[in-house]
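This report refers to the structure that appears directly beneath it.
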Amino acid sequence: MRIGRKALLCSSLSLAANGLFLAQRQTAENSPRPGFPVIQASGDAPLVPSQIAAPVDEARLARLHGNTHPNARAEFDKGRDDGQLPMERMILVLKRGSKQDAALKAFMARQLDPTSPDFHHWLGPEESGRIYGPSENDISAVGNWLQNHASPSKCRMASPL
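Residue numbers (mature numbering (1 follows the signal peptide of the UniProt record, and there is no 0)): -16 to -1, 1 to 145.
Below you can see the structure in the form of structure tokens.
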């Protein structure tokens, strides 16, 4: 009898500890923006601050260096096209703001710290994009600009991260 009571007590304590652990983990997983300051709107949805502050001024465009494919060399140049040539497989990468980048690095460090509640708290692509990717306003602004400068049927936005 005595062994049966000890086994029952140990089992009960083990179940209680596991339940507590799972409840804490679920709370950590449900936190809206781990490691990033929350900017709340009127509802519960956290907002990522916008990086695009003004409309694009076509008269003030800047050429970015180091973004040309290695095969885009003078020896392959065939001159100007007629303007109807589709540009396929283009990738546009947006840079994170410094605060957002610092928050992501801090979160990734906490994921590897066994004492952190974020230890091994992995994010899926959608959640990562929502938390550490561009804001909805920035995605909309870039998408609108692309659709005004390209064939709308060819324009497709992929993952926000």
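Beta carbons are placed, not taken as given, at the ideal position from N, Cα and C, and that holds for glycine.
Contact between the stretch 50 to 59 and the stretch 93 to 103 is absent, with fewer than three C-beta pairs closer than 8 Å. Within the model, the alpha-carbon separation for G63 versus G108 is close to 44 Å. Here the stretch 31 to 42 lies against the stretch 119 to 132, with 3 or more beta-carbon pairs under 8 Å apart.
If you compare the alpha carbons of L88, H49, R73 with that of G117, the shortest gap goes to L88. When the five nearest sequence neighbours on each side are left out, the beta carbons in the same chain lying within less than 6 Å of the beta carbon of L78 are those of P118, in order along the chain. Residue range 109 to 116 is occupied by the alpha helix (DSSP H) that includes E111.
Selection E42, H104, L76 evaluated against G127 yields L76 as nearest (Cα-Cα). In the structure shown, F91 falls within a helical segment according to DSSP collapsed to helix, strand and coil.
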